[in-house]
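Numbering (this note's numbering), first residue to last: 243 to 587.
Backbone N, C-alpha and C define an ideal beta-carbon position, used for all residues, glycine too.
All values derive from a computational prediction rather than experimental measurement.
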């Protein structure tokens, strides 16, 4: 029996490739993949190649890291699961030995093996994959594979909100209402934030933000963003500003939205240099970056299972695995229409 994978042949071109069936090693499980969410990093790789190009140009580049499925085989010592368990996975496998891993901040591990990127470029867009049981999580009854696949981006939002120490009564501004912005919004709401303003240029995303709990939305293309946000949250601005768009323009805007003693959380991946007017934030404002997540899957799974975070409403498009090329092509061509795309395996 062969395993079928989708591989990035060249930017803009996905091809199918057969390979030997993976065999779970000690402490690993074999998963029949059911659903795969397409992330912004996957779309970037499809358009331009991966953020970190492989050193060896012959390296096969797999895409996809948001996935769920069913365990079909167990390696030796993988006794935490049974065949037939429905699961989701943390796509990053840390070394477990470095300073950061020992401190519990394994998302900062220097030897992290994260799916669809350096060093192995192992993608989730495959019929089967192996994964350590330590980074595999059983789905609760009543939680389906689509929700399971979207635990990963929801964990990014949960980590951002918890790192920001969001508390009841906080006033929040979120720059960007794409997938990660919407996940962050819901995590803030779940943690008790009283007022959450979503800011974007795309009406469909702003409508979704309102549906998912934003107290107000701001179309940055039709008004003075700073003036409008402060009219909504008060003249001091927001307790916490989340930048989730990955844009230098929104990052540069954040200091004008945060209040004295507040916090700016940079969640998006921002290329190049961003000018910051430090005179605007020299009243004990904290600027903090957020990188993926660590130790957030259990809380995120619980939040989705309980209905505190709604990931399914964000899925605007679903494609079959056989249509993966079209799925990526349309992810590029219809960026303003697609909020979250899921591939059904």
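Is it buried or exposed, residue i, if we count other Cβ atoms within 10 angstroms and call 16 or more buried?
i           : result
residue 318 : exposed
residue 459 : buried
residue 469 : exposed
residue 284 : buried
residue 573 : buried
residue 354 : buried
residue 430 : buried
residue 221 : Residue 221 lies beyond the residue range present for the chain, which begins at 243 and ends at 587; the question has no answer from this structure.
residue 270 : buried
residue 588 : The requested residue 588 does not occur in the structure, where the chain is confined to residues 243 to 587.
residue 257 : exposed
residue 463 : exposed
residue 263 : exposed
residue 447 : buried
residue 333 : buried
residue 486 : buried
So, at 8 Å on beta carbons, what are the nonlocal neighbours of residue i in its own chain, with the 5 sequence-adjacent residues on each side left out?
i           : result
residue 294 : 359 and 360
residue 530 : 405, 406, 505, 506, 507 and 508
residue 398 : 422, 425, 426, 509, 532, 534 and 535
Check whether the Cβ atoms of residue i and residue j lie closer than 8 Å to each other.
i           : j           : result
residue 424 : residue 450 : yes
residue 369 : residue 302 : no
residue 379 : residue 535 : no
residue 499 : residue 471 : yes
residue 443 : residue 496 : no
Starting from residue i, follow the beta strand (DSSP E) in both directions and report where the run begins and ends.
i           : result
residue 558 : 557–562
residue 442 : 437–442
residue 586 : 582–586
residue 310 : 308–316
Can you find the residues in the same chain that come closer than 7 Å, C-beta to C-beta, to residue i, ignoring five residues on each side of it along the sequence?
i           : result
residue 388 : 277, 554, 557 and 584
residue 516 : 490, 493 and 494
Can you check whether the C-beta of residue i is within less than 8 Å of a C-beta belonging to chain B?
i           : result
residue 500 : Among the protein chains of the structure shown there is no chain B, as only one such chain exists.
To which residues of the same chain is residue i closer than 6 Å at the C-beta, ignoring the five residues directly before and after it?
i           : result
residue 559 : 580 and 583
residue 394 : 308
residue 413 : 437, 475, 480 and 481
residue 528 : 505
Mind checking which residues open and close the alpha helix (DSSP H) that includes residue i?
i           : result
residue 261 : No alpha helix (DSSP H) holds residue 261; the beta strand (DSSP E) holding it covers 255–262.
residue 428 : 421–432
query: Should the region 244–256 be called in touch with the region 340–349, which here means at least 3 C-beta pairs below 8 Å?
result: The region 244–256 is not in contact with the region 340–349.
Below 8 Å, how does it come out for the region 324–335 and the region 306–316: are there three or more Cβ pairs, yes or no? Counting Cβ pairs under 8 Å, three or more are found: they touch.
Inset, instruction - Kindly confirm or deny that the region 516–527 and the region 541–549 touch, where touching means at least three C-beta pairs closer than 8 Å. - result: At 8 Å Cβ cutoff, the stretches do not touch.
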